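Student: First the structure, which I've put down as structure tokens, then a few questions once you've had a look.
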Amino acid sequence: MCTYLTVKDGVEGSAKGPGGSWFRVTDVTVYYDHPVHAMAEHTLNIDFSAPAAGPGARVALELTAESAQALVAAVQKALDAVPVEMLS
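Just so we're aligned, residue 1164 is where the sequence shown starts under the working numbering, counting upward by one.
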């Protein structure tokens, strides 16, 4: 089932685009819907983008719910291991 909930936020980071070049990422969009490419009925879709740089400045992920939950846990575990003074 699609939730029709789309979460958008600003981010600071970099991504490697389809041409192999790195670009600054300023936006993230997250939603649960039908995938374009993944072999699953529904996926958590995450789009990292830099709208000011044009449509080519985008990296998309389509993850199964289980993979998305594993990613959240892995990110949290990695951040939990970082000393507080390094998080600033």
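Backbone N, C-alpha and C define an ideal beta-carbon position, used for all residues, glycine too.
From a predicted model like this one, the values you see are computed outputs, not experimental measurements.
1. Could you have a look at Val1235 and say whether DSSP puts it in helix, strand or coil?
2. Would you call the region 1241 to 1251 and the region 1213 to 1224 touching, i.e. three or more CB-CB distances under 8 angstroms?
3. Thinking just about the alpha-carbon of each residue, which of Ala1237, Ala1231, Lys1179 is nearest to the one in Leu1207?
4. Under three-state DSSP, which class holds Leu1168?
5. Kindly indicate the opening and closing residues of the beta strand (DSSP E) around Ser1212.
6. Does the structure place the region 1195 to 1202 close enough to the region 1232 to 1239 that three or more beta carbon pairs sit under 8 angstroms?
7. Could you check which residue in Leu1242, Phe1186, Asp1243 has the C-alpha nearest to that of Pro1218?
8. For Ser1212, count neighbouring Cβ atoms within 10 angstroms of its own Cβ and tell me buried if that reaches 16, exposed if not.
Tutor: In this structure, then:
1. helix
2. no
3. Ala1231
4. coil
5. For Ser1212, the enclosing beta strand (DSSP E) starts and ends at 1206 to 1212.
6. no
7. Phe1186
8. buried
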